[in-house]
Every structure is written in C-alpha cells, then in structure tokens.
Amino acid sequence: MDEPDQGSAHKYLTVRDHLATLVAQELKVGDAIPSERHLSQQFGLSRMTVRQAVDTLVTDGVLVREQGRGTFVAPQRMDFEMRLTTFGEEMRRRGMEPATTVLTAQVVAATPDVATALELEPRQKVHFLYRVRSADGVPICIEQAWVPVALAPTLFDDGPPASIYEALRDLGLAPEWGEDTLSADEATDTEASLLGLGDARAVLRAERRTYSVDTATMFSRACYRADRYSVWVPLRAPRPALVPRRRTEGELEPATAPIAGGRQ
1 MDEPDQGSAH
11 KYLTVRDHLA
21 TLVAQELKVG
31 DAIPSERHLS
41 QQFGLSRMTV
51 RQAVDTLVTD
61 GVLVREQGRG
71 TFVAPQRMDF
81 EMRLTTFGEE
91 MRRRGMEPAT
101 TVLTAQVVAA
111 TPDVATALEL
121 EPRQKVHFLY
131 RVRSADGVPI
141 CIEQAWVPVA
151 LAPTLFDDGP
161 PASIYEALRD
171 LGLAPEWGED
181 TLSADEATDT
191 EASLLGLGDA
201 RAVLRAERRT
211 YSVDTATMFS
221 RACYRADRYS
231 VWVPLRAPRP
241 ALVPRRRTEG
251 ELEPATAPIA
261 GGRQ
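Sequential numbering of the sequence shown, starting at 1, is according to full-length UniProt numbering.
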C-alpha cells in the first residue's frame with residue numbers, strides 16, 4: 001500500500017497519539033484497541049508503521065499484548081517512591097485497600113547470604129516471613145523478609161505482624177535508613193502463579209537492608225509485577241566536594257604578636 005507523504009519520518013506518531021487519546025478518553029483497562037488492519041486502513045499507513053506506534057505504547061506500559069488474543073489497555077502503573085514506608089501505608093495513601101496473604105512465618109537458620117546482609121554469624125536464628133501483598137484484590141508483590149531473633153525474640157509470638165516496620169518500632173528499633181538494590185528480571189513459574197501473570201512475566205526485584213541507627217534490623221527481597229509498578233527516585237545534582245587546599249609558603253599569614261592580657 002502506498003503511504004501518503006506526511007512530511008515526517010515519524011508517521012507512526014499520528015497513530016500513537018490517536019491511540020493514546022483513545023486510552024485516555026474512551027477505553028477502559030482491559031479493553032482491546034482497534035486492530036492493526038483497521039488502523040492501517042484508517043490512516044493509510046503500512047501495518048509495519050502501525051505496529052511501530054503500538055510498540056511504543058507497549059514499551060511505555062500504556063498497552064499490553066497478549067499472545068493469540070490481541071492488544072489491550074494496560075492497568076495503570078503505580079509510581080513507587082523509594083523510601084522507608086510500609087506497604088499498607090503506601091497503598092492507603094493511594095486510596096487502595098492493602099491485603100496480605102502469609103505463605104510462611106517461622107524461625108529458621110540464616111543462610112550465608114542472609115547472615116551477611118544482617119551482619120550475623122552463619123546459621124544464627126532469624127524470623128522468616130514469606131507473603132504476597134495485594135492492593136484492591138490484585139497481587140502486587142511477593143515479599144520475603146528476615147529479622148534477627150536476637151533483636152526481636154517476640155516478633156512472631158502473636159502470629160506474623162501485619163507490618164514488620166511497625167513491630168520493630170514497638171520494640172524500640174524504628175527503621176531510620178536503608179539500602180536498596182533494584183534489578184529487572186523475569187518471574188519464575190511459582191512467582192507468575194502467585195502474581196497472576198500471563199504471558200508478560202517482567203518483574204522488578206528489590207533487595208533492601210533496613211537499619212535502626214547502625215544496626216541491621218531487617219533484610220528483604222521483593223518481586224514486583226512490572227505491569228503494575230514503576231519506581232520513582234528523586235535526584236539532585238551533587239554538591240562540589242570540599243577538598244582542603246594546602247597553602248604555599250607565600251600564602252601563609254604573618255604571625256601576629258600576642259595582645260597584652262589576651263588569651264592564646
């Protein structure tokens with residue numbers, strides 16, 4: 001099919017903007033977008049150009065492809081600011097109802113990697129909590145958390161706490177700062193099942209060490225579904241480092257005579 005000259009090398013932008021408007025004003029989450037054939041005929045463009053427009057919206061998380069079914073409006077992603085807050089607080093701040101399904105809650109021996117993260121001796125006892133976190137009934141993340149038994153021996157006495165951070169605060173171990181490591185990955189079969197993922201298995205993994213003053217109080221690993229979560233990290237330009245400069249002999253100030261009665 002011959003394409004009309006639109007005076008631009010980016011003809012797909014017309015289709016992309018049209019689809020973005022449909023998503024914003026007419027379509028709902030889960031609705032199918034018009035087919036590539038329909039869009040190709042509507043705009044007089046090749047299907048390859050139409051596919052390029054759709055690809056950009058899939059990459060941006062606006063649309064999602066399901067093999068053998070079509071392309072649909074994707075659920076809106078939640079921007080997650082990296083800060084020390086509980087999952088429940090974060091979801092309620094967004095007007096969503098948090099829920100937790102506990103899969104495992106027990107005392108175990110720390111594996112070498114967990115012991116290193118918590119600055120423990122190998123095989124020291126730790127509380128282990130394995131759970132699925134949901135918002136408005138939709139699974140959002142799978143979380144594994146470890147807390148040294150020596151720091152919080154009663155942590156599981158009344159069952160696993162709804163919020164480990166709140167429980168640590170009650171024990172005088174309020175979280176004050178932490179370290180996060182983020183990576184992109186693909187969900188395992190078990191993770192995909194727990195999160196209700198389809199063909200798209202992209203996930204965001206986060207490892208966190210939480211500290212109270214200079215004591216490591218919790219180590220956690222979380223697996224977030226990438227179609228519902230994105231990370232927002234505030235940045236600022238670094239300040240110039242203050243480096244002391246040694247003055248040369250010529251720059252040295254002359255010695256001043258002591259003032260009578262003054263303290264030196």
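For glycine and all other residues, C-beta sits at the position ideal for the given N, C-alpha and C.
Which first and last residues belong to the alpha helix (DSSP H) in which residue i is found?
i: S35; result: That residue, S35, is in no alpha helix (DSSP H); it is neither H nor E in DSSP.
i: A216; result: Run containing A216: none in the alpha helix (DSSP H); it sits in the beta strand (DSSP E), 215-225.
i: E26; result: Looking at the DSSP string, E26 is not in any alpha helix (DSSP H), and its letter there is neither H nor E.
i: T59; result: 47-59
i: A167; result: 164-170
i: L195; result: 189-195
Kindly say whether residue i, judged by its beta-carbon, lies nearer than 8 Å to any beta-carbon of chain B.
i: A20; result: Absent from the structure: chain B. Only one protein chain is present.
Straight-line CA distance for residue i to residue j?
i: S35; j: G70; result: 8 Å
i: E119; j: T101; result: 29 Å
i: T154; j: E186; result: 36 Å
i: L19; j: V147; result: 48 Å
i: A216; j: R208; result: 10 Å
i: G137; j: G44; result: 42 Å
i: R93; j: T86; result: 11 Å
i: M91; j: G172; result: 25 Å
i: R221; j: D113; result: 12 Å
i: Q67; j: A74; result: 14 Å
i: A99; j: R133; result: 6 Å
i: R130; j: C141; result: Here the sequence assigns Tyr to residue 130, which means Arg is not the residue at that position. Roughly 11 Å separates the two Cα atoms.
i: E81; j: Q41; result: With a pLDDT of 47 at E81, under the threshold of 50, the predicted position of this residue should be treated as unreliable, and no value is reported.
i: K28; j: V58; result: 16 Å
i: A117; j: Q25; result: 48 Å
i: V149; j: L197; result: 34 Å
i: V203; j: L182; result: 11 Å
i: T56; j: Y224; result: 22 Å
i: G88; j: E97; result: 8 Å
i: R65; j: P122; result: 45 Å
i: E179; j: M218; result: 11 Å
i: L13; j: A200; result: 25 Å
i: R169; j: W177; result: 13 Å
i: D157; j: T111; result: 23 Å
i: V243; j: D31; result: Only weak support exists for where V243 lies, its pLDDT of 49 falling under 50; the value from the coordinates is given anyway. Each residue's Cα considered, the two are about 59 Å apart.
So residue i is in the beta strand (DSSP E); what residue range does that whole segment cover?
i: S183; result: 177-186
i: Q106; result: 98-109
i: T86; result: Note, T86: premise wrong, no beta strand (DSSP E); not H, not E.
i: L204; result: 202-212
So, is residue i buried or exposed, given that buried needs 16 or more other C-beta atoms within 10 angstroms?
i: R16; result: buried
i: D60; result: exposed
i: Q228; result: The residue you asked about is not Gln; residue 228 is Arg in the sequence shown. Classification for R228: buried.
i: T188; result: exposed
i: T210; result: buried
i: K11; result: buried
i: G95; result: exposed
i: residue 281; result: Nothing in the structure corresponds to residue 281, since the chain is present only between 1 and 264.
i: A109; result: exposed
i: L103; result: exposed
i: V62; result: buried
i: V213; result: exposed
i: V126; result: buried
i: A135; result: buried
Give me the DSSP bridge partner(s) of residue i.
i: G70; result: E66
i: D157; result: G159
Contiguous alpha helix (DSSP H) assignments of at least 4 residues, all confined to the region 111-151: 112-117
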